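In my numbering, the protein residues as written are 115 to 227. Every residue gets a Cβ at the ideal spot worked out from N, C-alpha and C, and that includes glycine. Model, not experiment: these values are computed from the prediction. Notes for the one structure printed next.
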Amino acid sequence: MPAELKRHSLGDVELLSGEILPSAELAYCTYGELNAAKDNVVLLPTFYTGSHIRNEGFFGTGRALDPARHFIVSVNLFGNGWSSSPSNAAPAVRGPRFPEVSLYDNVKCQHHL
């Protein structure tokens with residue numbers, strides 16, 4: 115059930131720590147179709163060390179989360195290598211200079227999707 119990876123640009127994000135994550139991006143995939151009432155959305159964030167690819171094991175035809183009934187948005191957490199992470203961030207915050215990102219920061223930014 116491979117899906118196209120999409121990116122949502124957030125610009126410079128002030129984190130809970132007070133640090134700035136420049137040019138922040140969330141990587142995500144969607145599965146299923148958004149209905150006319152827009153009431154079938156399920157947000158499925160990744161877990162630490164997980165990705166949207168691993169989340170694909172949590173849903174499928176006839177399961178509780180079924181793309182035939184739900185519009186599933188699988189969002190990668192900051193730091194997992196797909197969304198803004200130490201390996202792909204702007205040079206000023208790449209590697210060990212990557213700012214401290216909290217779960218709160220992830221949820222706050224996912225709300226923008």
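Can you tell me whether residue i is helix, strand or coil according to DSSP?
i	result
F173	coil
H226	coil
R168	helix
L179	coil
P213	coil
P200	coil
N220	helix
A206	helix
Residue i and residue j look like a contact to me (Cβ under 8 Å); what is the Cβ gap, rounded to whole Å?
i	j	result
G146	P181	4 Å
G164	N202	G164 to N202, Cβ: 17 Å. No contact.
F192	V215	4 Å
T160	N169	6 Å
L227	V187	6 Å
S198	A138	5 Å
Does the Cβ-Cβ distance between residue i and residue j come in under 7 Å?
i	j	result
A143	A178	The sequence shown places Cys at residue 143, rather than the Ala named in the question. Contact flag unset, no.
N149	H166	no
L140	H122	yes
Y218	L158	no
E128	P213	no
On the DSSP bridge assignment, give the partners of residue i in chain order.
i	result
Y142	K120, V189
P136	According to DSSP, which records beta bridges pairwise, P136 is partnered with nothing at all.
E128	I134
V156	I186
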